[in-house]
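The structure appears right after this line, and notes come after that.
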Amino acid sequence: MSARTPTGAPPTGATARPVAARPAAPLAGAPPAGATGVPVAPAPGVALDVAALTLAVGPARILTGVDASVPAGAVSAVVGPNGSGKSTLLRVLVGALAPDTGTVLLSGRDLGRLARRERARSLALVEQDAAADVSHDVLDVVLLGRTPHRPRWGADSATDLDIARRALARTGATALAGRDFATLSGGERQRVHLARALAQEPRLLLLDEPTNHLDVGAQLAVLGLARELAADGVTVLAALHDLNHALRYCDHVLVLDAGRVVAAGDPREVLTDGLVGDVYGVRAHRARVDGREILLFDPA
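Residue 1514 in the numbering used here sits at position 26 of the sequence shown; the count goes up by one each step and never skips.
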């Protein structure tokens, strides 16, 4: 197949609180952190560091001064109401959108200064609505994830094929390998795109609504896989709508509201009744069922 380039410490308070303040901005004329191409030493245990990220589309401000640190080798969630900027943030991180201001450092390296292929070897994005516009074998779709790892005009190697097949197996999609991608259901396509992202062998995996289109069993399997990947050293950042998934499966959470980070840290400490009620405009109540914390909701 022809080569293609794919799109590429918890807080102690129990209430919503702003993210820790950033150091002062550099003096005018000084290069931003990582701008020289020399990695900046990241904070211990931090994989991704976002500073002062702002993005506007026309008169609409989508992201405003986003500051966030994502722990390495953990599962982190981005949560917030519809339109809060979750998907936009992920698309900025992967390089599909350019921010107006701000920096994004991955392991101390400025992602904005990495070549596209190098960025694609470091992080991968699984989007929530991946349309099936063109007919392709499923295995070929997964092999797209190998593009940044092989010579620009090189063919798929035996190693590429092995990695792609193992990625399909890990997402429970082996039986789909010979199918036409355009004939798959939404849930099947979601698993194939996750396999494609795993075939990229990223250090940072971005998931935009990874349980979208999936039945309950498949949702739990995908979230369990995220935990397995984190145990293997991959940093996972997922935009989630289901706050109970964030409570059960995630180590860290960022709460967005109107394009701003309003709280961050351990989900069990951050996702309080009060914060959830304020951000989502509902009455929320934390309860314990079978030893697990869950959130219950009623209209405000």
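No residue lacks a Cβ here, since even glycine has one placed at the ideal position from N, Cα and C.
Given the structure is predicted, the values throughout are model-derived calculations rather than measurements.
query, result
"The segment 1622-1630 touching the segment 1695-1710, judged by at least three CB pairs closer than 8 Å", "no"
"Contiguous beta strand (DSSP E) assignments of at least 3 residues, all confined to the segment 1537-1565", "1548-1559"
"Buried versus exposed call for H1740 [16 or more other C-beta atoms within 10 Å across all chains shown]", "buried"
"Distance cut-off 7 Å: L1578 Cβ against heavy atoms of the ligand FMN", "This structure does not include the ligand FMN; it has no bound ligands of any sort."
"Exposure label - V1722; buried when at least 16 CB within 10 Å", "buried"
"Residue environment, G1525, which counts as buried when at least 16 other CB atoms sit within 10 Å", "The predicted position of G1525 is uncertain, since its pLDDT is 40 and thus under 50; a value taken from the coordinates is nonetheless stated next. The residue is exposed, with fewer than 16 neighbouring Cβ atoms inside 10 Å."
"Reduced DSSP secondary structure (H/G/I, E/B, other) of V1777", "strand"
"For A1740, the first and last residue of its enclosing beta strand (DSSP E)", "Position check: residue 1740 holds His in this sequence, whereas Ala was assumed. Note, H1740: beta strand (DSSP E), H1740 to D1745."
"Span separating the alpha-carbon of Q1688 from that of A1655", "10 Å"
"Ranges of the alpha helix (DSSP H) found wholly within the segment 1686-1772, counting only runs of at least 4", "1704-1719, 1731-1737, 1755-1758 and 1761-1768"
"Euclidean distance between Cα positions of G1583 and V1777", "41 Å"
"Distance CB(V1630)-CB(V1680) smaller than 8 Å", "yes"
"Nearest-angstrom Cα separation, counted from L1728 out to N1833", "Past the edges of the chain, shown from 1489 to 1788, lies residue 1833, and the structure says nothing about it."
"Which listed residue (L1694, V1750, R1736 and G1762) has its alpha carbon closest to that of E1615", "L1694"
"Whole-angstrom C-beta distance between L1551 and L1541, which should lie under 8 Å", "6 Å"
"Within the segment 1577-1615, ranges of the alpha helix (DSSP H) (whole runs, at least 4 residues)", "1604-1610"
"C-beta contact flag for V1554 and L1577 at 8 Å", "yes"
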